[in-house]
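Have a look at the structure below before the remarks.
There are 2 protein chains.
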Amino acid sequence: MDQSGDIETSDGGGMLERNGSSFYDDKDLVGAREPLLRKRTMNTTSQIAIVGANLCPVESLDYEIVENDLFKQDWRSRKRVQIFQYITLKWTLCLLIGLGTGFVGFFNNLAVENIAGFKLLQTSNLMLERRFFEAFVAFAGCNLILAALAAALCAYIAPAAAGSGIPEVKAYLNGVDAPSILAPSTLFVKIFGSIGGVSAGFVLGKEGPMVHTGSCIAFFLGQGGSRKYHLTWTWLRYFKNDRDRRDLITCGAAAGVAAAFRAPVGGVLFALEEAASWWRSALLWRTFFTTAVVAVVLRALIEFCRGGKCGLFGEGGLIMFDLSASVATYSVPDLIAVLVLGILGGFLGSLYNFFLDKILRSYSVINEKGAPYKILLTIAISLLTSCCAYGLPWLAKCTPCPANIQEQCPTIGRSGNFKNFQCPPGHYNDLASLFLNTNDDAIRNLFSKGTYDEFCISTLFIFFAAVYFLGLVTYGIAVPSGLFIPVILAGATYGRIVGTILGPITDLDTGLFALLGAASFLGGTMRMTVSVCVILLELTNDLLMLPLVMLVLLISKTVADSFNKGVYDQIVKMKGLPYMEAHAEPYMRNLVAGDVVSGPLITFSGVEKVGNIVQALRITGHNAFPVVNEPPFADAPELCGLVLRSHLLVLLKGKGFTKERVPTGVVEVLRRFGAFDFAKPGSGKGIKFEDLHILEEEMDMYVDLHPITNTSPYTVVETMSLAKAAVLFRELGLRHLCVVPKTPGRPPIVGILTRHDFMPEHILGLFLHVEPHK
Amino acid sequence: MDQSGDIETSDGGGMLERNGSSFYDDKDLVGAREPLLRKRTMNTTSQIAIVGANLCPVESLDYEIVENDLFKQDWRSRKRVQIFQYITLKWTLCLLIGLGTGFVGFFNNLAVENIAGFKLLQTSNLMLERRFFEAFVAFAGCNLILAALAAALCAYIAPAAAGSGIPEVKAYLNGVDAPSILAPSTLFVKIFGSIGGVSAGFVLGKEGPMVHTGSCIAFFLGQGGSRKYHLTWTWLRYFKNDRDRRDLITCGAAAGVAAAFRAPVGGVLFALEEAASWWRSALLWRTFFTTAVVAVVLRALIEFCRGGKCGLFGEGGLIMFDLSASVATYSVPDLIAVLVLGILGGFLGSLYNFFLDKILRSYSVINEKGAPYKILLTIAISLLTSCCAYGLPWLAKCTPCPANIQEQCPTIGRSGNFKNFQCPPGHYNDLASLFLNTNDDAIRNLFSKGTYDEFCISTLFIFFAAVYFLGLVTYGIAVPSGLFIPVILAGATYGRIVGTILGPITDLDTGLFALLGAASFLGGTMRMTVSVCVILLELTNDLLMLPLVMLVLLISKTVADSFNKGVYDQIVKMKGLPYMEAHAEPYMRNLVAGDVVSGPLITFSGVEKVGNIVQALRITGHNAFPVVNEPPFADAPELCGLVLRSHLLVLLKGKGFTKERVPTGVVEVLRRFGAFDFAKPGSGKGIKFEDLHILEEEMDMYVDLHPITNTSPYTVVETMSLAKAAVLFRELGLRHLCVVPKTPGRPPIVGILTRHDFMPEHILGLFLHVEPHK
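If you read the sequences in order, they're chains A and B.
Here the working numbering is used: the first residue of the first sequence is 28, the next is one more, and so on.
Here the working numbering is used: the first residue of the second sequence is 28, the next is one more, and so on.
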């Protein structure tokens, strides 16, 4: 039982090889530099199982409440005033996030409306003068320049800004901190890249990027600005921990949706249903506040812009696609129509996910070749989009303007239902009304009610095929691109097709069918329910359709779920982010925690030799090390707690070592460090191993680890069912889970489980040779 | 270390006194009947800390996944078809819950509208004939009879049906199974008592009772009907576990709100924000389905009733108080008005909570005296309400009907804005328009837009005072009574008062002020945010007011939170239900798990003597016992797992004991029992200790506990911070948490933490004499 020798001896022999585990799992490291470090017999089942190590350059978030004495000390000494300060600051931060995201969302909208509006206006004017080729050149040229700019920003400054960003935010909130995903540079590129991408006429939306933007803003504000760009506020030190950071980023994600769709409640629900992995009611309250601020900001800015003060920015209110006051009486044939619509929509939605996965995998081959290839790919897709948008409307024939309408017909300018295109005066081209518009206006046209005859069925089929295809090939290029708008666009067209076909047998308006079609596609791809429902409600202001929208969402999600996973989950998986699912896999019931904990374990003594710590930090990437108290500090070896790599680095950098192996205690550490020296820095900002400068003579000195040891790590017994260990790990948002032996008389810790140990690939890798199809 | 003696000896000596803990904490039980059971030295800090015991007649829900071999066995053998069956059944149950709750909600509405409508019509007719006294007698008499009936049902059949029911459902979903709170008798009384109470003209609502009704329906269906009333379906055996039951009851609560307010999305959010303590995304999806079913059922039934087919049931659609199409332009003075409204509303709301608490405490003295007193109290309040409703309108003077309105004026019938009351023709009494109406109609009148002059300020003040007071004194009588409607009623009146006063300086409609006032009161009492927001949105169909409603809710909740807790939390606390808060208390950071685990612990051996088990079951109420494997079954004493009281009872009832102390294994148990014999029965339905008939000779035989032992209990080390243990307990929804020793060489289990050990009263009771203001 008492395996560890007397480690009071100062020659360092046997120091790091106690409790049946050793420092190394890599042979070339052993023996060569430190001949005294011997390799013990290990129960290495697999080389993948490097306990505590992160295998990919991804950092997990640690949501444990740091309970060590240092922070306790701080908590006790914190006066009421400070707690009030903390709460006030947190609310202020939420306010700032709301303000920031609201402004950015409005700025995005304003810029897009002006740039795209100008582009479309020029094209229309040239067409009116029958200079068709020049019109195409102007149109495609504008698109190309905007696309190339956006791609260049993305490819050279922040590659992490490409794509939707929702999968990354989702993974971050699950505990996976992918590098530079929330960095200020990403924020910059996301804002301007998104404006470029949307203005360039791509079939993509600004919703995903807005969620990412909101999260970036929250991260930026939450960590007190960027140290890299000298924009730091030190008074935000209280928020330098995982829990507060996570809360703020959830608020940011909600604010993003609220800004993009002008849907405050929808934003809260999106954050709850899709983004967040952990939730508590205080968070609901905080996200609600943030989105309320966004709504107020948007409303004030829209009010300010009323009357053409903001260039081509429209008159639209908070409701983007107002469908209200449409009569919603429906009978049994309507319900059957809706049923069919939902089933087909779910099928088409899951097919969308399937194709998207394939296309993303092929694109990643191109994108990996380097930035120039990314830009070339974007340019190619831009040309393709321009050709479709300009070329396909020629296939449609001109329709005479309907006699008794209030709207202008034909229209030449920026938006409007009836585009003149190549047609003679008094006629309009219905396909051009969809193609030569911003995506928002195209959706508005599709949703418009009382316009049964406006789009003929062939037009809708052509547009549907084009949008479905373009939406697929556009996502994945190096431009910030949301998935909501392409899906809504394709879904609305699909719904209008169904509505037009079923027109003779149903009383529902084709505009309502378009709304239901959009719902079915959203249900089929995103697999969200309540949030999509509320977002659609807030987009259209049509509460009477709520039961039908719910029905369609339920059906399409059920149908699609039987084929594949939701699009964001699929992307998370494809990117290789170690996402922890909310439920344990069934095969985990047949395993115990001890089965997956394997490989060597590095432990420290309560008062450890500096050299050993430096060595451990150098040769491993482990983020936490168990601290074991041994005689004479304890009667028998016992687990004292966990010490984090980042805290070790701070401690070592602060020096203050002792010659003798004696505990210095908390007071000494408190004297040398401020309480917030140990607070978690922003991603990639903490002290690095390279920053340490330990002198040769200090290597043989000792340092007391007790003050920085988290003495209350969560533990499971090695015979605990792996399923239950996974539930524990997931529900508490842990980063490290100590596995302790069941029977006494063995070393006090068997190993540490990390997120990677719960990944199916890891577990299947371990056991595949034992039981193939477990 | 190996303290336990050889327990193979068949005389039973020393059997129950191993590992430093003993069976008893009660001196009179020790020594008298079983002289061989000796008392060991114990570290009893307090007599309250009876480990594993429940001190009040409340059963905690156990959300642990049962991982023992028996269920594993069953899981393995379950074919794909069975899993499909399970999923289909669960969805079918949700469908049935939705259908049931939708029908009950509609039936409630129908009955109330007809009964109350008939009552009001008769009163109005008598008044038209100037027979004022007879009118009062008819009015008060009807109210009194209905009230007495409802109170009698409540007092004699199901006392648990009194009040809102939301606090109880909330506590149940937190893990507190108060007796008969979801029993079929409660369901019955809740449905008919609520109809009686609302029809009797009390200032109470049907919303809380509907939530409770929905939960009862879910419980009834989920446990496969009631065995007591011979309404059992055995094919629901798969759902006899805590997780599925909790899910279904959450769906039921959501369906209740959806049915009461005709607000499906609001229902989902209510379940999420207020009712549920644990949440996972699959549940969102399931509640959404359930409330969608409710919406469809309600819509179909309302459609069916169109055209007067359902007696006095109105024409109303899904939107209860339609406010749409009101123009929402607001400027800075409006915002200031809203700010003031929110602050005052929050203050009045928290004052409401304060008074409610005082009144409930005084009522409980009366109610505890017995059923007749309950009925008398109800009758007294009914008379008071009738006097107010009939008497106070005489204070208001008659107003001439406005000239250019589309509505009928004055009205005599059931509802309507302009009540004739005592006035001459062509005039109306504005106070009677509020008092002599159903609560729903009064709210509709207050919310009505473009009616600035309809109610004079003195009328509103009288009505506000009366409703605020009556709402307070009505809750707590023995009638199912919701709090939403009184709060909305008082809030809307308050809002209208503010709107009328501020009329000259603001452009907002007084009807909109009434809505904002209702929001401020809801925020101030209930402290819900997103759900109230969405419920109000779905009630009024006025999306444009959303930013203002959000603002008011935020302000009023913030103001009220600085005074006291939300009304439901307050009632939960007053009822003494051991509710686990989502966060750990700060003082828990200074304690460790070992501090609160105290008192004696009963452990069983892996193969235990029947007599010892019977003895343990008889003298304690513990719900779980640790099983410790000792030599010769293990090298050293080790914790095998936890065995539940209910499983022990099933095992003992099944007999099959062995003469020798040998493990019989899983196969033997599987042969004798069906897998679902161990499934959790409905509350109060399981085998009781009295049902056991163990023969004298069987007492000395042995039974193998391994097959029914949960071998993966969650454990914490005794030095784990209590705050972190509480987080673990709460987040995983545990019922028992094993505390294991830190150092080896001691018994393998220190104690078991239950819900009661985390209650502040318990902890403060333990430590008050040590450190007073820790």
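Backbone N, C-alpha and C fix where the C-beta goes; we use that ideal spot for every residue, glycine too.
Item                                                                                                                                                          : Value
Run through the DSSP bridge pairs and tell me what B/L666 is partnered with.                                                                                  : B/V655
Given this structure, state the Cα-to-Cα distance separating A/F785 from B/E301, to the nearest angstrom.                                                     : 33 Å
Taking Cβ-Cβ distances shorter than 7 Å, what residues in chain B pair up with A/V295?                                                                        : V557
Which whole runs of the beta strand (DSSP E) in the region 119-149 of chain B are 3 residues long or more, in chain order?                                    : none
Along chain A, in chain order, which residues have C-beta atoms closer than 7 Å to that of B/G772?                                                            : A663, P771
Going by CA-CA distance only, name the one from B/L173, B/K146, B/A175 that's closest to B/E161.                                                              : B/K146
Can you grab the Cα-Cα spacing for the pair B/L666 / A/A281, in whole Å?                                                                                      : 46 Å
CB-CB under 8 Å to B/I532, same chain, minus the five flanking residues each way: which ones, in chain order?                                                 : P360, A364
What does a CB cutoff of less than 6 Å around A/L529 pick up in its chain, not counting 5 residues either side in sequence?                                   : A364
Just checking: is the beta-carbon of B/L9 within a distance shorter than 9 Å of some beta-carbon in chain A?                                                  : This structure leaves residue 9 of chain B out entirely; chain B is present only between 28 and 801.
Can you pull the chain B neighbours of A/R747, defined as C-beta to C-beta under 7 Å?                                                                         : This sequence places Met at residue 747 of chain A; Arg is not what is there. Those are S739, listed as they occur along chain B.
Name the DSSP bridge partner or partners of B/K446?                                                                                                           : B/T438
Going by beta carbon distance, what residues of the same chain come within less than 8 Å of A/A175, once the five residues before and after it are set aside? : I402, T405, I406, S409
Strictly under 9 Å for the Cβ-Cβ distance: is A/L578 near chain B by that measure?                                                                            : yes
In the DSSP assignment, what residue or residues form a beta bridge with B/D718?                                                                              : Answer is none; B/D718 lacks a bridge partner.
Does the contact criterion of 3 or more C-beta pairs under 8 Å hold for the region 566-583 of chain B versus the region 394-401 of chain B?                   : no
In terms of residues, what are the limits of the beta strand (DSSP E) holding A/I629?                                                                         : Counting along the chain, A/I629 falls outside any beta strand (DSSP E), and DSSP gives it neither H nor E.
Compare the C-beta of A/T647 against all C-beta atoms of chain B and say whether one is closer than 9 Å.                                                      : no
Just checking: is the beta-carbon of A/W421 within a distance shorter than 9 Å of some beta-carbon in chain B?                                                : no
Does B/P194 pass the burial test, meaning 16 or more other C-beta atoms within 10 Å, or should it be called exposed?                                          : buried
Measuring straight from C-alpha to C-alpha, what distance separates B/A179 and B/G223?                                                                        : 11 Å
What residue range is occupied by the uninterrupted beta strand (DSSP E) comprising A/Y390?                                                                   : Unbroken run through A/Y390 is the alpha helix (DSSP H), 359-394; no beta strand (DSSP E).
Closer than 9 Å, CB to CB, is B/S151 near chain A or not?                                                                                                     : no
Closer than 9 Å by beta-carbon distance: list the chain A residues that pair up with B/F315, in chain order.                                                  : T556, V557, C560, M577, L580, L581
Which term fits A/N170, buried or exposed, when burial requires 16 or more other beta carbons within 10 angstroms of its beta carbon?                         : buried
Which word fits B/I435, buried or exposed, when buried means at least 16 other C-beta atoms lie within 10 angstroms of its C-beta?                            : The sequence given here has Gln at residue 435 of chain B, not Ile. By the neighbour-count rule (16 or more Cβ atoms within 10 Å), B/Q435 is not buried but exposed.
Is A/C560 buried or exposed, if buried means 16 or more other CB atoms sit within 10 Å of its CB?                                                             : buried
Does the region 607-618 of chain B come within contact of the region 745-755 of chain B, defined as at least 3 CB pairs closer than 8 Å?                      : yes
Which full runs of the alpha helix (DSSP H) of 4+ residues lie inside the region 467-527 of chain B, going along the chain?                                   : 484-501
In chain B, which residues lie with their C-beta within 7 Å of the C-beta of A/S6?                                                                            : Absent from the model: residue 6 of chain A. The displayed extent of chain A is 28 to 801, so no value can be given.
Kindly indicate which residue of B/Y379, B/M728, B/A303, B/S226 has the alpha-carbon position closest to the one of B/S242.                                   : B/A303
Listing by chain order, which chain A residues have their CB less than 8 Å from the CB of B/V238?                                                             : Within 8 Å Cβ-Cβ: nothing; B/V238 doesn't reach chain A, min ~17 Å.
What are the boundary residues of the beta strand (DSSP E) that B/V744 is part of?                                                                            : 742-744
Would you check if there are 3 or more beta carbon pairs closer than 8 Å linking the region 501-514 of chain A to the region 227-243 of chain A?              : yes
So the beta strand (DSSP E) B/C428 belongs to, where does it begin and stop?                                                                                  : Here B/C428 belongs to no beta strand (DSSP E), and DSSP marks it neither H nor E.
Please report the distance separating the alpha-carbon of B/S221 from that of B/T240.                                                                         : 10 Å
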